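Structure record follows, encoded as structure tokens.
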Amino acid sequence: DEEGIRESLNLILKDHYDLQFACNGQECLKTLREDKNIGLVLMDIKMPKQNGIEITQDIKRLNPNIKVMIVTGYESAEIAQEATAAGADAYITKPFDSKQILNKISKFS
């Protein structure tokens with residue numbers, strides 16, 4: 045996701061979870077192949093190289109047990125439906141506050 049959002053997520057989540065960050069979908073997939081302990085991926089729909097829908101499908105093919113939460117600025121039922129159809133387990137729109145994101149993530153812990 046965008047650097048500002050990554051920084052925000054880091055500030056909100058670092059005291060609660062072990063975090064790793066990727067700048068694009070291919071980097072995310074590489075990290076998931078190398079670290080089998082990752083259980084949840086947060087990502088945007090709009091990313092460099094591949095979009096979040098495509099990467100969600102790739103993640104689910106790699107390991108269907110990894111949970112995927114789409115974090116996006118697009119508040120659209122169509123996009124939420126497309127993300128869910130691709131295998132996303134949750135969807136949250138930006139801007140979000142720390143309580144919202146922690147609440148969503150806690151459902152996967």
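Sequential numbering from 45 applies to the sequence shown in this note's numbering. From the three backbone atoms N, C-alpha and C, an ideal C-beta is built for every residue, glycine too. Keep in mind the model is a prediction, meaning the values are calculated, not measured.
DSSP-derived helix/strand/coil call for residue i
i, result
"ALA129", "helix"
"ILE82", "coil"
"SER120", "coil"
Beta-bridge partners of residue i, as assigned by DSSP
i, result
"MET87", "ILE114"
"ILE136", "VAL115"
Neighbourhood of residue i by C-beta, 8 angstroms cutoff - its chain only, sequence neighbours within 5 removed
i, result
"GLY83", "ASN109, ILE110, LYS111, PHE152"
"CYS72", "ALA66, VAL85, MET87, ILE99, ILE103"
"GLN64", "THR75, ASP79, ILE82"
Own chain partners of residue i with C-beta closer than 7 angstroms, once the 5 adjacent residues on each side are dropped
i, result
"GLN144", "ILE136"
"GLY48", "none"
Residues near residue i in its chain [Cβ-Cβ closer than 6 angstroms; skip 5 each side]
i, result
"PRO92", "ASN68"
CB-CB length for residue i against residue j, believed under 8 angstroms
i, j, result
"GLN101", "ALA130", "5 angstroms"
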